[in-house]
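Peer 1:
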């Protein structure tokens, strides 16, 4: 069934394909660790995709594009932060609103950008490493975001596990009342976490429109934000498992695209629905049984906090 | 400094008034957006909210469209509102809507070209079943495996869209369609059509069903024990459990009802206004219905008016596209903005805004 697909190219495509969900899921992990459930990942990603695209086309510089994408999505996440943290709105409903609004606004901004090619994001020159057999093609010939995203996961893991900042963030997510009683500014910390999550979702979105596709079409993220949300559950809120989950799903979507291109006997529609079905299947496995993932969820996840005193 | 003070009980006045305030604020913010797009904001707002109803040139076409567009929104939103009240988040109504249309159309086309008065009712039942089956997937996964229903119901939308494409290109494709994708036009087959019941009003069976759903929803929430349990589970989950309300039963009921209603909306649409199963059959009613449910304050009567208002933005949006060259995406952003303002103005229901006094030394 895999005949005609070069494994090195498959691994290379897997790494590239996983970057958007990896970044978005890592951002959402931090947000949820702080006790906030932001279901607007899809909306923030697509805002990142269009803002990044517009910035890159306007400046001719893909790196500024990524910055623009991060800032655009961050602006949208700020709306979520103010609504849920200051104005005490329901987090589920506000997250949905974020996605609906983001999809509309992105297609509005992007309508004059359809069919344009963005400036190319170059591969990171790794010198002789690129000539290593197999690994050279598979691992060492990518743009900086592929490596950067892994570094971000490592940084998030380290900060959450070993730093004081991480401890405070987790305290706010596990018991906002206790954290408040200790004198931590719950609302401020959560707002910052939401902004961080927005920035990473925006980077992921910008990666879709600048590198992976690379062009602009409406609804370009095609549910990647929702898969990122599922990966956080899959990972039981642990950064390294987010990495594993993102590569797993990246692998599945690369495989189905390759099978489509190779003219497999399985109908195209079955292949395109596979990533979503497998996500559901994995969610089911992770949420059932004694060692279920929900037990690892931050205790205050999704609850709003209003300091009465 | 402004300070928020929780009200001892929610304000009745603001509960009624906040949707109006939200609509007004959205008009202002939307006007700014239209202005940034280089359009005259007053003209744009008038084209969207006034012209479809009262402009002598367009009203005769637009007014019937109001009911045509509002019916699926109301049907779906009534179902969603029950779940939202109980804290059960079905956000995959779009998928249930698609499956309703596919099941209904398939049931009818299976017996083509038989002519019988029974075919249309059978199709309606099949459509309801399609939506129900699709909603039962997240419901059963939630009750048996505790899987998050938000993610599952949403992910199933993408699966349903792929099934829709498969049907339009393969199984249900019109064999006499010269190879073009899309099924036979159901609205032109007398036994399967969902026609306009009163000429010039836009009234079709889906509109009738929507009105019935509003009444049934009202009775359910006001007079029936299930409605009480739904409200109780949403406001005080622990109290509900002590009172013997089974969470699993509520999940199945709420998702089941919303699935059935979304499926009905789908089959009424495919037999009437849309006419056929095609790749782009779904236009996002399942998602807009979420806004409708909140705009109507999760209240059946409120949803009736919210559905009409949201239908107006669709029609007015099309008109603004035609007359002012306003992009169609602007309306989508406008609708999303409305949901933001609704949620934000909800604050006034539960909190008082006070000028904070200086802390006593």
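Chains as they are written, first to last, in this note's numbering: chain H, 1 to 309; chain D, 1 to 361.
By construction, the Cβ of each residue, glycine as well, lies at the ideal position given by its N, Cα and C atoms.
1. Considering Cα atoms alone, identify which of D/139, D/228 and D/193 is closest to residue 284 of chain H.
2. If residue 257 of chain H and residue 149 of chain H are in contact, beta carbons under 8 angstroms, what's the gap, nearest whole angstrom?
3. Closest to residue 11 of chain H by CA distance: which of H/26, H/141, H/59 and H/101 is it?
4. Please classify residue 61 of chain D as buried or exposed, where buried requires at least 16 neighbouring CB atoms within 10 angstroms.
5. Tell me which residue opens and which closes the beta strand (DSSP E) that residue 353 of chain D is part of.
6. Contact criterion: CB-CB distance below 8 angstroms. Does residue 346 of chain D meet it with respect to chain H?
7. What first and last residue would you give for the alpha helix (DSSP H) that runs through residue 4 of chain D?
8. Against chain D, with Cβ distances strictly below 8 angstroms, would residue 233 of chain H count as a contact?
9. Can you name the start and end residues of the alpha helix (DSSP H) that residue 254 of chain D belongs to?
10. Please find out if some non-hydrogen atom of the ligand ATP comes closer than 7 angstroms to the beta-carbon of residue 118 of chain D.
11. Would you list the residues sitting across from residue 198 of chain D in a DSSP beta bridge?
12. How many whole angstroms separate the CB atoms of residue 242 of chain H and residue 26 of chain H, which I take to be in contact at a CB cut-off of 8 angstroms?
13. Have a look at H/81, H/90 and H/106 and flag the residue whose alpha-carbon is nearest the alpha-carbon of residue 47 of chain H.
14. Answer yes or no: does any C-beta atom of chain D fall closer than 8 angstroms to that of residue 392 of chain H?
15. What separation, rounded to the nearest whole angstrom, lies between the Cα atoms of residue 199 of chain H and residue 224 of chain H?
16. Please report whether the beta-carbon of residue 96 of chain D lies at a distance below 8 angstroms from any beta-carbon of chain H.
17. Strictly under 8 angstroms for the Cβ-Cβ distance: is residue 92 of chain H near chain D by that measure?
18. Let me know the secondary structure DSSP gives residue 346 of chain D once reduced to three states.
19. Taking residue 7 of chain D and residue 352 of chain D to be in contact with their CB atoms under 8 angstroms, please state how far apart those CB atoms are, rounded to whole angstroms.
20. Whose C-beta lies closer than 6 angstroms to the C-beta of residue 68 of chain D among residues of the same chain, with five residues either side of it excluded?
21. Given a cut-off of 8 angstroms on the beta-carbon distance, is the pair residue 187 of chain D and residue 288 of chain D in contact?
22. Using 8 angstroms for Cβ pairs, my map puts residue 250 of chain D next to residue 135 of chain D. What's the rounded Cβ distance?
23. Going along chain D in order, which residues have a C-beta closer than 7 angstroms to the C-beta of residue 226 of chain H?
24. Going by C-alpha to C-alpha distance, which of D/196, D/101, D/93 and D/326 sits closest to residue 373 of chain D?
25. So is residue 94 of chain D buried or exposed if we call it buried at 16+ other beta carbons inside 10 Å?
26. Just checking my contact of residue 162 of chain D with residue 273 of chain H at CB under 8 angstroms: how many whole Å lie between their CB atoms?
27. Give me the residue from D/238, D/307, D/88 and D/299 with the minimum Cα distance to residue 217 of chain D.
28. Identify the contact partners of residue 337 of chain D in chain H, using a Cβ-Cβ distance below 8 angstroms as the criterion.
29. Just checking: is the beta-carbon of residue 46 of chain H within a distance shorter than 8 angstroms of some beta-carbon in chain D?
30. Assign residue 242 of chain D to one of two classes, buried (16 or more other C-beta atoms within 10 Å of its C-beta) or exposed (fewer than that).
31. Between residue 313 of chain D and chain H, is there a C-beta pair that is closer than 8 angstroms?
32. So with Cβ pairs under 8 angstroms, would you call residue 10 of chain H a contact of chain D?
33. Who does residue 143 of chain H pair with in a DSSP beta bridge?
34. Hey, quick one: how far does the alpha helix (DSSP H) through residue 229 of chain D stretch, first residue to last?
35. Counting Cβ pairs closer than 8 angstroms, one from the segment 79-96 of chain H and one from the segment 33-44 of chain H, do we hit at least three?
36. Note down the Cα distance separating residue 112 of chain H from residue 75 of chain H, rounded to an integer number of angstroms.
Peer 2: Checking against the coordinates, here is how it stands:
1. D/139
2. Rounded, the Cβ-Cβ distance is 20 angstroms, inconsistent with contact.
3. H/141
4. exposed
5. Annotation: the continuous beta strand (DSSP E) that includes residue 353 of chain D extends over 351-355.
6. yes
7. Here residue 4 of chain D belongs to no alpha helix (DSSP H); instead the beta strand (DSSP E) covers 2-6.
8. yes
9. Its alpha helix (DSSP H) spans residues 247-271.
10. What this structure holds is no ligand at all, so the ligand ATP is not there to describe.
11. Paired residues: D/203.
12. 6 angstroms
13. H/106
14. Any question about residue 392 of chain H goes unanswered here, given that chain H covers just 1 to 309.
15. Inter-residue distance for residue 199 of chain H and residue 224 of chain H is about 16 angstroms (C-alpha atoms, whole angstroms).
16. no
17. Residue 92 of chain H has a beta carbon lying within less than 8 angstroms of a beta carbon in chain D.
18. Residue 346 of chain D: coil per DSSP, three-state reduction.
19. 6 angstroms
20. If we look at residue 68 of chain D and ignore the five residues flanking it on each side, its Cβ neighbours are 202 and 273.
21. no
22. Between residue 135 of chain D and residue 250 of chain D the Cβ distance is about 14 angstroms, and since that is not below 8 angstroms, they are no contact.
23. 151, 154 and 155
24. Residue numbering for chain D in the displayed model covers 1 to 361; residue 373 of chain D lies beyond these limits and cannot be assessed.
25. buried
26. 4 angstroms
27. D/299
28. 101
29. Proximity of residue 46 of chain H to chain D, defined by a Cβ-Cβ separation below 8 angstroms, is not satisfied.
30. exposed
31. no
32. no
33. H/123
34. Taken as a continuous stretch (DSSP letters only), the alpha helix (DSSP H) holding residue 229 of chain D covers 225-235.
35. yes
36. The C-alpha of residue 75 of chain H is placed about 22 angstroms away from the C-alpha of residue 112 of chain H.
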